[in-house]
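**Student:**
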Amino acid sequence: MDFVKAKKLVTVLTAVVAINLVSPVFAAAESLDSLNEQESTITRQSNQISAEVQMALNDVNDKYDQVEKTKAEIAENEATLQKAQKDIEATKANIAKRKEVMAQRLKEIQVNGGAERDWSVLLDAKNLQEFINRAYAMTLLQNAQKQKVADLNIEKEKLEKLEATVQKTTTSLKENKVNLETEASELDGKIANLKQQLADNQSTLQKIAQSKEVETARLAAEKAAKEKAAAEKAAAEKAAKEAQAAQKEAEAEKPTSSTNNSSSNSSGANSESSTNSSNKPNNNGSNSNSNNSESNTNNNTNNNGGNSSSGGRTLIMESTAYSYAEAGASYLTASGTDLRENPQAVAVDPSVIPLGTVVEVQGYGVALALDTGGAIKGNIIDVHFPTVAQCTKWGRRQVQVTIRG
Numbered sequence: 001m002d003f004v005k006a007k008k009l010v011t012v013l014t015a016v017v018a019i020n021l022v023s024p025v026f027a028a029a030e031s032l033d034s035l036n037e038q039e040s041t042i043t044r045q046s047n048q049i050s051a052e053v054q055m056a057l058n059d060v061n062d063k064y065d066q067v068e069k070t071k072a073e074i075a076e077n078e079a080t081l082q083k084a085q086k087d088i089e090a091t092k093a094n095i096a097k098r099k100e101v102m103a104q105r106l107k108e109i110q111v112n113g114g115a116e117r118d119w120s121v122l123l124d125a126k127n128l129q130e131f132i133n134r135a136y137a138m139t140l141l142q143n144a145q146k147q148k149v150a151d152l153n154i155e156k157e158k159l160e161k162l163e164a165t166v167q168k169t170t171t172s173l174k175e176n177k178v179n180l181e182t183e184a185s186e187l188d189g190k191i192a193n194l195k196q197q198l199a200d201n202q203s204t205l206q207k208i209a210q211s212k213e214v215e216t217a218r219l220a221a222e223k224a225a226k227e228k229a230a231a232e233k234a235a236a237e238k239a240a241k242e243a244q245a246a247q248k249e250a251e252a253e254k255p256t257s258s259t260n261n262s263s264s265n266s267s268g269a270n271s272e273s274s275t276n277s278s279n280k281p282n283n284n285g286s287n288s289n290s291n292n293s294e295s296n297t298n299n300n301t302n303n304n305g306g307n308s309s310s311g312g313r314t315l316i317m318e319s320t321a322y323s324y325a326e327a328g329a330s331y332l333t334a335s336g337t338d339l340r341e342n343p344q345a346v347a348v349d350p351s352v353i354p355l356g357t358v359v360e361v362q363g364y365g366v367a368l369a370l371d372t373g374g375a376i377k378g379n380i381i382d383v384h385f386p387t388v389a390q391c392t393k394w395g396r397r398q399v400q401v402t403i404r405g
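For reference, each letter of the sequence shown is one residue, going 1 to 405 in full-length UniProt numbering.
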């Protein structure tokens with residue numbers, strides 16, 4: 001009977017151990033749920049940051065367009081200013097000539113009696129009507145000379161006002177140009193910061209993925225341990241039942257009691273040994289899979305972090321255009337970006353321009369290198385447009401590409 005009690009005690013202890021092994025499974029499941037929630041949150045943040053990058057790219061392109069328009073206006077105003085200055089100098093010269101003519105006339109009047117000649121011309125009139133006509137003509141001539149000088153002075157004043165206005169406008173435009181360039185530079189910095197946030201999020205997502213793999217492996221190991229405990233419990237219960245049967249048989253057949261008990265003990269030991277042996281490979285297999293998974297994750301992480309680019313480098317490249325709206329085209333880039341939401345993108349050869357790089361394409365603007373293509377090899381860049389018509393208009397051209405970082 002002591003043997004039967006011992007077997008029951010073993011059964012109870014086995015059950016307690018099994019319960020303790022099962023409990024961490026729920027805690028681990030909560031941990032896995034937490035990792036999934038973190039992954040979803042960071043993914044949402046990354047999508048939002050991608051949208052902000054696209055908005056910043058649109059803004060910086062608008063700023064650069066405004067800078068170019070302002071430069072054109074400055075050039076136009078400077079040309080107007082130069083013309084006004086030339087006109088002012090010409091008007092001053094004409095005024096000086098008119099004044100010189102009038103001064104010469106007054107001098108002649110004083111030296112040669114010009115006034116007497118005028119009177120003589122009037123007095124030589126044959127009749128009153130001729131006298132009036134001659135007087136009127138002389139008055140008109142004098143007034144015309146005075147009016148020419150007055151008109152030149154008025155023109156000079158207008159030109160001087162125009163010169164002041166143009167100078168003021170040019171100064172204002174130059175100030176606007178500086179402000180726009182400053183805003184564009186700030187937007188470049190914003191894009192760089194957003195790119196860094198995306199990179200940090202990507203790194204965090206990789207770590208979460210690695211933690212999920214480790215957690216999944218741990219859950220598998222705990223499940224295997226639970227199954228092993230259940231098997232051991234079943235074996236213990238079976239052994240206990242066999243022991244009870246043997247005990248009853250021993251009590252019925254006293255002479256053969258020792259032999260039966262020995263046989264029962266041997267059978268129970270063999271059963272437990274067989275159970276333990278069959279479960280060991282499962283634990284080793286689980287640990288092996290976990291290690292392999294961690295190794296693969298680490299290798300992938302190392303491989304993905306090796307590309308870098310130097311900002312400010314300028315390349316002359318052959319450019320084509322493409323659109324997700326083309327027949328058979330996908331709206332997802334090689335980097336997983338949705339072109340419907342982020343159309344300001346270019347396809348590049350990653351060995352020349354790494355994916356994720358901010359580039360400025362002549363005639364296209366600032367964009368992110370987000371895509372690749374089978375024909376995009378070497379110094380070829382494919383700019384994306386939302387419509388096929390824009391692609392056709394772009395055609396194939398040689399462009400200057402500046403790597404901004």
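Glycine included, every Cβ here is placed at the ideal spot set by N, Cα and C.
With a CB to CB cut of under 6 Å and the five nearest residues on each side skipped, what residues in its chain are close to Glu73?
**Tutor:** Counting only Cβ-Cβ distances below 6 Å, and skipping sequence neighbours, we find Leu173.
**Student:** Quick check on DSSP: helix, strand or coil for Val399?
**Tutor:** Looking at Val399 - three-state DSSP - the assignment turns out to be strand.
**Student:** With respect to the alpha helix (DSSP H) encompassing Ala389, which residues constitute its N-terminal and C-terminal limits?
**Tutor:** Unbroken alpha helix (DSSP H) run through Ala389: 388-394.
**Student:** Helix, strand or coil for Ser319? Go by DSSP, reduced to three states.
**Tutor:** In the structure shown, Ser319 sits in a strand (DSSP, three-state: E or B).
**Student:** Between Arg340 and the rest of its own chain, which residues show a CB-CB distance below 7 Å, the 5 nearest in sequence each way excluded?
**Tutor:** Excluding positions up to five away in sequence, the list reads Tyr324, Tyr331.
**Student:** Does the Cβ of Val352 have 16 or more other Cβ atoms within 10 Å, making it buried, or fewer, making it exposed?
**Tutor:** Label assigned to Val352: buried.
**Student:** What span of residues does the beta strand (DSSP E) with Glu360 cover, start to end?
**Tutor:** That run of the beta strand (DSSP E) goes 358-361.
**Student:** Of all the options Gly365, Lys393, Gln390, Arg396, which has the alpha carbon lying nearest to the alpha carbon of Thr402?
**Tutor:** Ranking the options by Cα distance to Thr402, first place goes to Gly365.
**Student:** Taking Ala321 and Val383 to be in contact with their CB atoms under 8 Å, please state how far apart those CB atoms are, rounded to whole angstroms.
**Tutor:** That pair is a contact at about 5 Å.
**Student:** Looking at the strands, I want to know which residues DSSP matches up with Thr314.
**Tutor:** Thr402.
**Student:** Apply the 10 Å Cβ neighbour rule to Ser50 and answer buried if 16 or more other Cβ atoms are within range, or exposed otherwise.
**Tutor:** Ser50 is buried by the Cβ-count criterion.
**Student:** What does a CB cutoff of less than 8 Å around Val44 pick up in its chain, not counting 5 residues either side in sequence?
**Tutor:** The amino acid occupying residue 44 in the given sequence is Arg; Val does not appear at that position. For Arg44, where only same-chain residues beyond five positions count, there are no Cβ hits under 8 Å.
**Student:** Which whole-angstrom value describes the C-beta separation of Thr91 and Leu159, a residue pair presumed to lie in contact below a C-beta threshold of 8 Å?
**Tutor:** About 6 Å; that satisfies the 8 Å criterion.
**Student:** Just checking my contact of residue 407 with Val358 at CB under 8 Å: how many whole Å lie between their CB atoms?
**Tutor:** Outside the modelled stretch of the chain, which goes from 1 to 405, sits residue 407, for which no answer is possible.
**Student:** Since Leu355 is in the beta strand (DSSP E), which residue starts that stretch and which ends it?
**Tutor:** First-last for Leu355: undefined, no H or E at that position.
**Student:** Let me check one thing: in DSSP terms, what residues is Val383 bridge-paired to?
**Tutor:** Answer is Ala321, Val346, bridged to Val383.
**Student:** Hey, how far is the Cα of Phe385 from the Cα of Ala225?
**Tutor:** The alpha-carbon atoms of Phe385 and Ala225 are separated by roughly 57 Å.
**Student:** My understanding is that Arg98 touches Leu152, with C-beta atoms under 8 Å, so please give their C-beta distance in whole angstroms.
**Tutor:** Confirmed, about 6 Å.
**Student:** What whole-angstrom Cβ distance do Asn342 and Gln54 have, given they're in contact under 8 Å?
**Tutor:** Yes, Asn342 and Gln54 are in contact; Cβ-Cβ is about 4 Å, under 8 Å.
**Student:** Mind checking who Ser366 pairs with in its DSSP beta bridge?
**Tutor:** What sits at residue 366 in the sequence shown is Val, not Ser. Glu360.
**Student:** Can you list, in chain order, the residues of its chain whose CB lies under 6 Å from that of Glu294, leaving out five sequence neighbours each side?
**Tutor:** Because Glu294 sits at a pLDDT of 38, beneath the cut-off of 50, its placement in the model cannot be relied upon, and the point is left open.
**Student:** Under 8 Å by Cβ, that's how I've got Ser219 and Glu52 pegged, so tell me the actual separation to the nearest angstrom.
**Tutor:** Correcting the residue identity first, residue 219 is Leu in this sequence and not Ser. Actually they are not in contact, since the Cβ atoms of Leu219 and Glu52 sit about 37 Å apart, beyond 8 Å.
**Student:** Identify, in the order they occur along the chain, each residue of the same chain with its Cβ nearer than 6 Å to the Cβ of Asp87, setting aside the five sequence neighbours on each side.
**Tutor:** Excluding residues within five positions, the ones whose Cβ falls inside 6 Å are Leu159.
**Student:** In this structure, what does DSSP give as the bridge partners for Asp338?
**Tutor:** DSSP, once it has assigned bridges, lists Leu332 as partnering Asp338.
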